[in-house]
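The structure appears below as structure tokens.
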Amino acid sequence: MTVDSADSTAAAQKAQPPRKRAAAKKSAKKSPGKTAAASGTEQLVQLLTPEGERVKSAEYDKYVTDITDDALRDLYRDMVMARRFDAEAVTLQRQGELGLWPSLLGQEAAQVGSGRATRDDDYVFPTYREHGVAWCRGVDPTNLLGMFRGVNNGGWDPNTNNFHLYTIVIGSQTLHATGYAMGVAKDGADSAVIAYFGDGASSQGDVAESFTFSAVYNAPVVFFCQNNQWAISEPTEKQTRVPLYQRAQGYGFPGVRVDGNDVLAVLAVTRWALQRARDGEGPTLVEAFTYRMGAHTTSDDPTKYRADEERASWEAKDPILRLRTYLETHTDTDAAFFTDLDAESETLGKRVREAVRAMPDPDRMAMFENAYADGHALVDEERAQFAAYQASFADGEV
Amino acid sequence: MTVDSADSTAAAQKAQPPRKRAAAKKSAKKSPGKTAAASGTEQLVQLLTPEGERVKSAEYDKYVTDITDDALRDLYRDMVMARRFDAEAVTLQRQGELGLWPSLLGQEAAQVGSGRATRDDDYVFPTYREHGVAWCRGVDPTNLLGMFRGVNNGGWDPNTNNFHLYTIVIGSQTLHATGYAMGVAKDGADSAVIAYFGDGASSQGDVAESFTFSAVYNAPVVFFCQNNQWAISEPTEKQTRVPLYQRAQGYGFPGVRVDGNDVLAVLAVTRWALQRARDGEGPTLVEAFTYRMGAHTTSDDPTKYRADEERASWEAKDPILRLRTYLETHTDTDAAFFTDLDAESETLGKRVREAVRAMPDPDRMAMFENAYADGHALVDEERAQFAAYQASFADGEV
Amino acid sequence: MAVQKLPIAKAINESLRTALDNDPKVLVMGEDVGKLGGVFRVTDGLQKDFGEDRVIDTPLAESGIVGTAIGLALRGYRPVVEIQFDGFVFPAYDQIVTQLAKMHARALGKVKVPVVVRIPYGGGIGAVEHHSESPEALFAHVAGLKVVTPSNSSDAYWMLQQAIQSDDPVIFFEPKRRYWDKGEVDTDAVPGDLHKAVVAKEGTDLTLVAYGPMVKVCLEAAAAAQEEGKSLEVLDLRSISPMDFDAVQKSVEKTRRLVVVHEAPVFLGSGAELAARITERCFYHLEAPVLRVGGYHAPYPPARLEDEYLPGLDRVLDAVDRSLAY
Amino acid sequence: MAVQKLPIAKAINESLRTALDNDPKVLVMGEDVGKLGGVFRVTDGLQKDFGEDRVIDTPLAESGIVGTAIGLALRGYRPVVEIQFDGFVFPAYDQIVTQLAKMHARALGKVKVPVVVRIPYGGGIGAVEHHSESPEALFAHVAGLKVVTPSNSSDAYWMLQQAIQSDDPVIFFEPKRRYWDKGEVDTDAVPGDLHKAVVAKEGTDLTLVAYGPMVKVCLEAAAAAQEEGKSLEVLDLRSISPMDFDAVQKSVEKTRRLVVVHEAPVFLGSGAELAARITERCFYHLEAPVLRVGGYHAPYPPARLEDEYLPGLDRVLDAVDRSLAY
Ligand SMILES: Cc1ncc(C[n+]2csc(CCOP(=O)(O)OP(=O)(O)O)c2C)c(N)n1
Ligand SMILES: Cc1ncc(C[n+]2csc(CCOP(=O)(O)OP(=O)(O)O)c2C)c(N)n1
Ligand SMILES: [Mg+2]
Ligand SMILES: [Mg+2]
């Protein structure tokens, strides 16, 4: 399958001043209606069909020549483990162990494909849903749970795995990633940076500014947009009327849409984009066209705003299923691989469950810590007052 | 001359993943260098050459068929009057009558062409440099001087001429224009809105968000970017590495670059874009490629950051000169027209000068007025205290 | 319908419904306010009844939401904008502070920008970062804005009506942890002044001033103190800009003691202004310095610590005791 | 060079130069800071000497400037960001408040974001809208930030050195109308604590607290009062977050009277916190309530009115008289 990121749709949008474009006729005034943005029928980089068939790509096959059947099984394992971990977290939330959980269900290929495309010395700036990327970076999954349990606001050292903290304010991490990448370039390092964000986030001014800065400074950053079709209850049409990958062109760098449920294609495209960055060719936008199969978070009730059939139609494109079909049909992967993996993933679930339950509440004095690196007189004063106040209870004074 | 807004440059930027693009080779890492952004050699809509020759345009001629020689003389007059007014304001600033003045010198065609393209019922959201647009809208030029004299922060009723107040915070008016246009659409009115902004402003998140909102709601708004090559001391390369008009495509609406020093072309292109808006075809980006011939403002010293030759090269493209050449060569405009106009513009200068000098300082109590429409207890309290304090001097108490 | 018992969230919903009904220029805008009815269901059913043209799901961009609301207001609309959570208002801060707050004055009164910005605020719901903050002082310091916050269903209904009718921009802070607290709403009542404080409970020994979510805590504290024989007066401030200093002064002239309670950090919080102003007005009346109970000068803590961070009954009573000890 | 007489703008320039010289990780970023050397020429010559890689002209987007500075800090750089004027910091407010201020705490101390945000602030220069504001309280209320402001050349030089060396984000407010005031700078001196107030003039009858541009006004007021036989102590606060309450307390325990002066609006300005806190600390010492002199609760007025709006000698002395009259 071929890709042409500045594809025919973009061409069709060329300004044709004197003629009226069919796509924007009068009726559009009231409501632009279902646009190309969410159709998913755009030219899409795909190496593995939903039916588990490998398709050739003149442009991208070369980025996955090293992906042996073993490597495919590894990717499969990553996706299964990510999904299992995610499911455990959802359960833990239902059981009251976590306050909230944003599930990655359905986005495993987008996350594992891109996460595995990164090199150790690359740096990752996630949103709050990149559990699969965290997995690929080697972050202990239990570390991700602290903030959703409410024991901290970010429970890992970003520099251990070059995996930044989750960022909740939509879009702001794209600027951090760009700045980090500017620093990488200054250092003359040949590593790259990848910034994750969502279809909803694409509307934030910060994301646009990150495109501008990265283009102007030719920063080695890949903007990885997981278009999972929804920003809570809003479909992508509420954010854009053309496919999101096209956004990049107007800022002077390439954008590509990849089948976000095809782990191999995501791996290939992200590798290509990261290599561009490392080679000094600047930013790239990758739009991984995928689907959020679950609720926005455990607080959300998607039945309020989307039809069951939509979800059902995406089940046929399940990222794990399609690789499994391929492995079963085209490789000599035996049944034991799958059963062993099931067992392994169950072990992960158990470990996570136990770790969460054992996770202690933070000491109350922790709220005064780390507000400042060099200290602050008012914090010191308030800490002391608070300690004295607490002590008054211990002393039985109150 | 033809136009193709999604032109060959855009095509050249198509992602060509596997090959490295010449335009982004390794050396680019250090500094992207002079890019196409400021080259001005992009395909440009032009109806009148710098030499004053009329060129044909299959697409745009039809938008100016009503422009008779008389109408051309009117446009010429507008530009001369705008320049004369502007020069007077610069002088008044030098004389200490104004605190500051942002000169429009060189941008007369961009402003008069677009300003004259608007209908009375259209609405205009300017930046702070649109004195020529204000002129076309019928705003008394002396009203523009109040804020630069420091007697008010906006001295006209926006609804008198459908010309909003000047906005100093870069880019924010593009969102107001978009919201206003959303309201126009809700009202079912067939008028349009035009938002002015600069090349520098194109980097602001607000401008990007206005593109998103206007596209999603198909708002009848024209984004009119005067790319005058400079944002104070920064050339356009510090804001973008591709021509700005291309920005629109990625948001799903057309962008066109027009010769901003060609009043006829600007008129035609803006009419086209406004008509699209009125016809329910949504937003358009017009990039008027022009040049700021003066300093950024009277506080600025451009010799610090740009070469004299650059300015000199643009003098040959002077928007007034080229129309004058055309009028002298291709129409029966007689010398009296020009001398009469000189006299008329001098009268304007004199009127402005006198009006400014006669402009009274505001009453000191004015600072408490209009902070709120419905009043505010604290303002009332402070006003009373201030009045009493002032009275204490009058009483000779201090 | 006259008198109904409604949770605050539903009272706001009813108030929006009334406003949409009464004035075709009223619009409701924000992220997820339409089909979903808002993440707190505050706008539930409104899009269904008033259509997508009036109850508008916006792109995910707060500056855009407020900026376009300003434009709509200039066109004659009265947009009621929802910011999903307190911590997400900051991308819109520039539009609010430099444009919304100043446009009426900039135009010498020639234009009005009657935009209401609804912000669910405050903690106590066990949420993740950015979902529990109380940034009201950051708006109240800015001239041109009005800042109000109801503490009960009746005020939620009526204060929102008044905010929407106001020709000034109003930042309307909703105490999200009280959304499900029920109270009577009389939709035929004649509401009091939007910017006046009310005495929520009378008392003689000390004045507690609170607003929004902390009114309940202070009423509980007053009840507890009562048992110990202390008579606390509780004032519900309701309006943070302007602040009803007269009402507080009147109460303090009687009780001679003042404790201010809010969730926001104490440092430069609204309690600072109350303390400064009331001390100036009641210098010879005060038996004790104005004491303040509020958040600490540290980022809002993770949920498992918020009970320690937020003022609760004990911390309020501790301040009361300290004040009475003077 | 040791001791030199420099205007404040030049002292800042020298301080940046020293920082760029001493630490290859220091970067200077902002609009027009490079070739132009800044609209106030504060960064004049730096790009020429340190190159475009270290003195960086940025796109016109304040959120982008601060956001990328955060990223650069995460990479190990120490960016010193310039916001061109006070009124233009708000597009960056979200990045400052939700990211810069909180990232160190969010990471449980594992990362540091040593970004300095330089903001020329305050009025008195006859400028158009948005060029004369004093938004310091809007930053000081936010935990995670430090906020400082020098009033003279020596502090400008040294406080900026210290701000750049600090591992915390520092908002560095520069009193733009004093940029050309000259003062001695000893580049070999050992600077005092960045966050301690200093006594600018000793006195016994009343304490004036000011910072940044208002220190000069207060010193003039003290001189004028002296002639009338009143001895005013003037404290230069220097740091707004943290605030040196100890120093103010010490002075007030001596003088028993306090007047706070700043250009920012009084309502919820830093004077409110000082009044509240010092009244609490010095309740039995104060002979008069803490009085505040500052801007009014109205948008900053047009230039021809700013002298009425800004606290000047007369208004300070009026407050002094009112305080002494208690
Ligand atoms: C600035 C800001 N506004 C609003 C929110 C509330 N919010 C959290 S997630 C979300 C939707 C995000 O959609 P998208 O970017 O598509 O990411 P997804 O959740 O689909 O992965 C919203 C509105 C927020 N976190 N930050
Ligand atoms: C938000 C904001 N940041 C900075 C400034 C200071 N400033 C005023 S004009 C200007 C340059 C604007 O350039 P451009 O958009 O190209 O418009 P031009 O002045 O060239 O017409 C800058 C940086 C501002 N007014 N607003
Ligand atoms: Mg999404
Ligand atoms: Mg420009």
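Protein chains in written order, with this note's numbering: chain A, 4 to 401; chain B, 4 to 401; chain C, 17 to 342; chain D, 17 to 342. Just so it is clear, CB atoms sit at the ideal spot from N, CA and C, and this is done for glycine as well.
Is residue 183 (chain A) helix, strand or coil when you go by DSSP? Locating residue 183 (chain A) in the first sequence gives position 180, counting from the first residue. Helix, per DSSP.
Considering Cα atoms alone, identify which of A:389, A:156, A:178 is closest to residue 197 (chain A). Taking the first residue of the first sequence as 1, we reach residue 197 (chain A) at position 194. Nearest option by C-alpha distance: A:178.
Take residue 200 (chain B) as the anchor and find which of B:210, B:194, B:192 has the nearest alpha-carbon. Taking the second sequence and counting its residues from 1, one reaches residue 200 (chain B) at position 197. Checked all of B:210, B:194, B:192; the closest Cα to residue 200 (chain B) is B:210.
Are the C-beta of residue 24 (chain B) and some C-beta of chain A separated by less than 9 Å? Looking up residue 24 (chain B) in the second sequence gives position 21. Residue confidence is low: residue 24 (chain B) scores 34 on pLDDT, short of 50, so the model does not pin down where it sits. No coordinate-derived value is stated.
In chain order, what residues of the same chain lie with their CB nearer than 6 Å to the CB of residue 166 (chain D), ignoring the 5 residues before and after it? In the fourth sequence, the residue the question calls residue 166 (chain D) occupies position 150. Hits under 6 Å: 172, 175.
Residues bridged to residue 307 (chain A) [DSSP beta-bridge criterion]: In the first sequence, the residue the question calls residue 307 (chain A) occupies position 304. Looking at the DSSP assignment, residue 307 (chain A) forms no beta bridge with any residue, so it has no partner.
Distance, residue 282 (chain A) Cα to residue 385 (chain A) Cα: Translated into positions along the first sequence, residue 385 (chain A) becomes position 382. Translated into positions along the first sequence, residue 282 (chain A) becomes position 279. Going by the C-alpha atoms only, they are around 51 Å apart.
Residues, ordered as in the chain, of the stretch 316 to 341 of chain B that lie near chain A by beta-carbon distance below 9 Å: none
Ignore the nearest five residues each way along the sequence and tell me which others in residue 171 (chain A)'s own chain have a CB closer than 6 Å to its CB. Translated into the one-based positions of the first sequence, residue 171 (chain A) becomes position 168. These residues qualify, in order along the chain: 131.
Within this structure, are the beta carbons of residue 57 (chain D) and residue 29 (chain D) separated by less than 9 Å? Translated into positions along the fourth sequence, residue 57 (chain D) becomes position 41. Translated into positions along the fourth sequence, residue 29 (chain D) becomes position 13. Yes, they are a contact pair.
With a threshold of 8 Å, are at least 3 pairs of Cβ atoms found where one atom belongs to the stretch 65 to 80 of chain C and the other to the stretch 226 to 244 of chain A? yes
To the nearest angstrom, how far is it from the Cα of residue 63 (chain C) to the Cα of residue 131 (chain C)? Sequence index remark: in the third sequence, residue 63 (chain C) carries index 47 (1-based). Sequence index remark: in the third sequence, residue 131 (chain C) carries index 115 (1-based). Approximately 19 Å, taken between the alpha carbons.
Just list the residues that DSSP pairs residue 136 (chain C) with in beta bridges. Taking the third sequence and counting its residues from 1, the one referred to as residue 136 (chain C) is at position 120. Looking at the DSSP assignment, residue 136 (chain C) forms a beta bridge with C:190.
So which residues of chain B does residue 159 (chain C) contact, with C-beta pairs closer than 7 Å? For the purposes of this step, residue 159 (chain C) is identified with residue 143 of the third sequence, where counting begins at 1. The contacting residues are 374.
Would you say residue 132 (chain A) touches ligand 1, meaning its beta carbon is less than 8 Å from a heavy atom? The residue labelled residue 132 (chain A) in the question sits at position 129 within the first sequence. Yes, the beta carbon of residue 132 (chain A) sits closer than 8 Å to at least one heavy atom of ligand 1.
Any non-hydrogen atom of ligand 2 within 8 Å of residue 207 (chain B) CB: By one-based count along the second sequence, residue 207 (chain B) stands at place 204. Residue 207 (chain B): yes, Cβ under 8 Å from ligand 2.
Just to confirm, are residue 376 (chain B) and residue 209 (chain C) a CB contact at a threshold of 9 Å? For this step, residue 376 (chain B) is matched to residue 373 along the second sequence. For this step, residue 209 (chain C) is matched to residue 193 along the third sequence. The answer is no: Cβ separation not under 9 Å.
Proximity test, Cβ basis, 9 Å: residue 407 (chain A) and chain D: Residue 407 (chain A) lies beyond the residue range present for chain A, which begins at 4 and ends at 401; the question has no answer from this structure.
CA-to-CA distance, residue 118 (chain B) to residue 253 (chain C), given in whole angstroms: Counting from 1 along the third sequence, the entry for residue 253 (chain C) is found at position 237. Counting from 1 along the second sequence, the entry for residue 118 (chain B) is found at position 115. Spanning the two alpha carbons is a distance of roughly 50 Å.
Could you name the residues whose beta carbon sits closer than 7 Å to any heavy atom belonging to ligand 3, keeping them in chain order? A:201, A:202, A:203, A:229, A:230, A:231, A:232, A:233, A:234, A:295
Specify the secondary structure class of residue 146 (chain B) as computed by DSSP and reduced to three states. As a working note, residue 146 (chain B) is residue 143 in the second sequence. Here residue 146 (chain B) sits in helix by DSSP.
Contact under 9 Å by Cβ, residue 80 (chain D) with residue 213 (chain B): In the fourth sequence, residue 80 (chain D) corresponds to position 64, counting from 1. In the second sequence, residue 213 (chain B) corresponds to position 210, counting from 1. The answer is no: Cβ separation not under 9 Å.
At the 9 Å Cβ level, is residue 255 (chain A) part of the contact set with chain B, yes or no? Reading the first sequence from its first residue, position 252 is the one you call residue 255 (chain A). Interface residue, yes.
By a C-beta neighbour count over all protein chains shown, 10 Å radius and 16 as the cutoff for buried, is residue 61 (chain A) buried or exposed? Position 58 of the first sequence, counting from 1, holds the residue named residue 61 (chain A). Counting Cβ neighbours within 10 Å, residue 61 (chain A) comes out exposed, since fewer than 16 surround it.
Just the Cα atoms here: how many angstroms apart are residue 26 (chain D) and residue 276 (chain D)? Within the fourth sequence, residue 26 (chain D) is the residue found at index 10, counting from 1. Within the fourth sequence, residue 276 (chain D) is the residue found at index 260, counting from 1. Cα to Cα, residue 26 (chain D) sits roughly 29 Å from residue 276 (chain D).
Listed in chain order, which residues of the stretch 46 to 59 of chain C have Cβ atoms closer than 8 Å to some Cβ of chain A? 47, 48, 50, 51, 52, 53, 55
Report the three-state DSSP secondary structure of residue 61 (chain B) (helix, strand or coil). If you number the second sequence from 1, residue 61 (chain B) lands on position 58. Of the three classes helix, strand and coil, the one that applies to residue 61 (chain B) here is coil, per DSSP.
Chain-ordered neighbours of residue 249 (chain B) on chain A, where CB pairs are closer than 9 Å: Here residue 249 (chain B) is taken as the residue at index 246 of the second sequence, counted from 1. Residues of chain A passing the Cβ test: 252, 253, 254, 255.
Segment contact flag, the stretch 126 to 140 of chain D with the stretch 227 to 243 of chain D, C-beta cutoff 8 Å, min 3 pairs: yes
Since residue 297 (chain D) and residue 261 (chain D) are thought to touch, with beta carbons under 8 Å apart, how far apart are those beta carbons, to the nearest angstrom? Within the fourth sequence, numbered from 1, the residue matching residue 297 (chain D) stands at position 281. Within the fourth sequence, numbered from 1, the residue matching residue 261 (chain D) stands at position 245. Confirmed, Cβ separation roughly 7 Å.
Residue burial classification, residue 196 (chain D) (beta-carbon count within 10 angstroms, cutoff 16): Walking along the fourth sequence from the start, residue 196 (chain D) turns up at place 180. So residue 196 (chain D) ends up on the exposed side.
Flag residue 91 (chain C) as yes if its beta-carbon sits less than 9 Å from any beta-carbon of chain B, otherwise no. Walking along the third sequence from the start, residue 91 (chain C) turns up at place 75. By this cut-off, residue 91 (chain C) is an interface position.
Contacts that residue 273 (chain C) makes with chain B (C-beta to C-beta distance below 8 Å): On the third sequence, residue 273 (chain C) is found 257 positions in, with the first residue counted as 1. The premise fails here: residue 273 (chain C) is roughly 24 Å from chain B at the closest Cβ pair, so nothing lies under 8 Å.
Residue 324 (chain C): CB within 8 Å of a non-hydrogen atom of ligand 1: The residue labelled residue 324 (chain C) in the question sits at position 308 within the third sequence. No, the beta carbon of residue 324 (chain C) sits no closer than 8 Å to any heavy atom of ligand 1.
Determine whether the Cβ of residue 313 (chain C) lies closer than 9 Å to any Cβ atom of chain D. Looking up residue 313 (chain C) in the third sequence gives position 297. For residue 313 (chain C), the answer is yes, since a Cβ of chain D falls inside 9 Å of its Cβ.
By Cβ distance below 8 Å, which residues in the same chain neighbour residue 169 (chain A) in space, the five residues on each side in sequence not counted? Within the first sequence, the letter at position 166 stands for residue 169 (chain A). Once the five neighbours on either side are set aside, the close Cβ partners of residue 169 (chain A) are 129, 130, 131, 133, 147, 150, 157.
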